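>
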Amino acid sequence: MSHEQFQSCIDECIRSMKACNYCYDSCLSEEHSMNMKVCIRLTRECAQICAFTAEALSLNASYALDLCEICAEVCESCATECVRHRNEHCQRCAEACFSCAQACKALIVH
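Position 50, counted from 1, in the sequence shown is what the numbering used here calls 69; the numbers after and before it change by one each time, with no gaps.
1. Return the first residue and the last residue of the alpha helix (DSSP H) that Arg63 is part of.
2. If you pair each beta-carbon of the stretch 46-57 with each one of the stretch 70-79, do three or more pairs fall below 8 Å?
3. For Ala83, report the span of its alpha helix (DSSP H) as first-last.
4. Assign Glu50 to one of three DSSP states: helix, strand, or coil.
5. Within a Cβ cutoff of 6 Å, which residues of the same chain sit near Ala66, ignoring the five residues on either side of it in sequence?
6. If I follow the unbroken alpha helix (DSSP H) through Ala80, where does it start and stop?
7. For Leu84 and Arg105, I'd like the C-alpha separation in whole angstroms.
8. If you draw a straight line from the alpha carbon of Cys87 to that of Thr99, how long is it in whole angstroms?
Below is the structure:
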């Protein structure tokens, strides 16, 4: 596949990474951050997976589609956790992660 075919997924991975990083930092600042441990952990892991997937796609790495599958799974887990919290940053993170998971799945199907 060409870089152009990967671009939409790369963009979604980067958007998700940014939303996860913002959510991670915001959760740490919450008054009850100890209640957000799962969210904090998942947003950190998800941001790293999204960044690595975007990089692999931009390199047209031989394992890029395998990473897309993992990225979709991690994004869905993160989004499912974030949607449970009412904070605006968690809701935005959930939306970005669900969108990234969808983009990764669409790329795998091609």
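Beta carbons: idealized from backbone N, C-alpha and C, even for Gly. Nothing here was measured: the structure is a model prediction, and the numbers come from that model.
To lay it out plainly:
1. Taking the first residue of the sequence shown as 1, we reach residue 63 at position 44. In this chain, the alpha helix (DSSP H) harbouring Arg63 covers 56-77.
2. no
3. Counted from its first residue, the sequence shown places residue 83 at position 64. Taken as a continuous stretch (DSSP letters only), the alpha helix (DSSP H) holding Ala83 covers 83-101.
4. Residue mapping note: residue 50 aligns to position 31 of the sequence shown, counting from 1. Reduced to three states, the DSSP call for Glu50 is coil.
5. Taking the first residue of the sequence shown as position 1, residue 66 is located at position 47. Here the set comprises Met36, Cys39, Asn40.
6. Taking the first residue of the sequence shown as position 1, residue 80 is located at position 61. No alpha helix (DSSP H) holds Ala80; DSSP gives it neither H nor E.
7. Taking the first residue of the sequence shown as position 1, residue 84 is located at position 65. Taking the first residue of the sequence shown as position 1, residue 105 is located at position 86. For Leu84 and Arg105, the distance between alpha carbons rounds to 33 Å.
8. Reading the sequence shown from its first residue, position 68 is the one you call residue 87. Reading the sequence shown from its first residue, position 80 is the one you call residue 99. Cα to Cα, Cys87 sits roughly 18 Å from Thr99.
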